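Residue numbers (the working numbering): 12 to 153. Yeah, the Cβ is synthetic: ideal placement off N, Cα and C, and Gly gets one too. From a predicted model like this one, the values you see are computed outputs, not experimental measurements. Note sheet for the following structure.
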């Protein structure tokens, strides 16, 4: 019995995962990783609305960590991807500016984080057979 991701390369042959799309996203990730690599923090790793507790006004807790050591913008990119139309990134940037917390290379790091999440998402959707989600994400990445 293997793990969920065991032999994931077979997804190129058995599911909708397109090798040229994967390779292009991977190359873009590598190009932007120079901006993300120096910034390593303990992050949630599965930061989306289903793991955020709220009283209706404020965040009161965050549950179900999939702890990773990555650029914290990976969590921001995850939340933004799950909450399209809520201006998550803009709200975050406004808060950071109000607190006078500079984020070096913000745009480049965010792009790198999106490709990081995108590669995981493409493989996941292909493995699950969720073709509509796969093609929607693919189109967003390009």
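ask   = What residue does the beta strand (DSSP E) around residue 25 start on, and which one ends it?
value = In the DSSP assignment, residue 25 falls outside any beta strand (DSSP E) and lies within the alpha helix (DSSP H) extending over 22-25.
inquiry  = Using 8 Å for Cβ pairs, my map puts residue 64 next to residue 74. What's the rounded Cβ distance?
reply    = 6 Å between Cβ atoms; contact.
query = Between the Cα of residue 24 and the Cα atoms of 137, 129, 149, 108, which residue gives the shortest distance?
reply = Comparing Cα-Cα distances from residue 24 to each of 137, 129, 149, 108, the minimum goes to 137.
query = Of all the options 150, 123, 18, 96, which has the alpha carbon lying nearest to the alpha carbon of residue 49?
reply = Among 150, 123, 18, 96, the Cα nearest to that of residue 49 is on 123.
key: Length at least 3, wholly inside the region 45-69: the beta strand (DSSP E) runs in chain order   = Uninterrupted beta strand (DSSP E) stretches at least 3 residues long and entirely within the region 45-69 occur at 52-54, 63-65, given in chain order.
inquiry  = Rounded to the nearest angstrom, what separates residue 126 and residue 88 at their Cα positions?
reply    = Their backbone Cα atoms lie some 9 Å apart in a straight line.
ask   = Would residue 96 be called buried (16 or more neighbouring beta carbons within 10 Å of its own) or exposed?
value = Here residue 96 is exposed, its C-beta having fewer than 16 other C-beta atoms within 10 Å.
Whole-angstrom distance between residue 99 and residue 22, CA atom to CA atom = Distance between the alpha carbons of residue 22 and residue 99: 32 Å.
query = Three-state secondary structure (DSSP) at residue 95?
reply = DSSP places residue 95 in the coil class of the three-state scheme, outside both helix and strand.
Beta-carbon contacts of residue 40 that lie in its chain and below 7 Å, excluding the five residues immediately before and after = A distance below 7 Å between beta-carbons, with the five flanking residues on each side excluded, links residue 40 to the following residues of its chain, in chain order: 123, 126, 127, 130.
inquiry  = Using beta carbons (cut-off 7 Å, strictly below), is residue 52 in contact with chain B?
reply    = Of the chains in the structure shown, none is chain B; there is only one protein chain.
query = Residue ranges of each beta strand (DSSP E) run of no fewer than 3 residues wholly in the region 85-152, ordered along the chain?
reply = Annotation note: the region 85-152 contains no uninterrupted beta strand (DSSP E) run of length 3 or greater.
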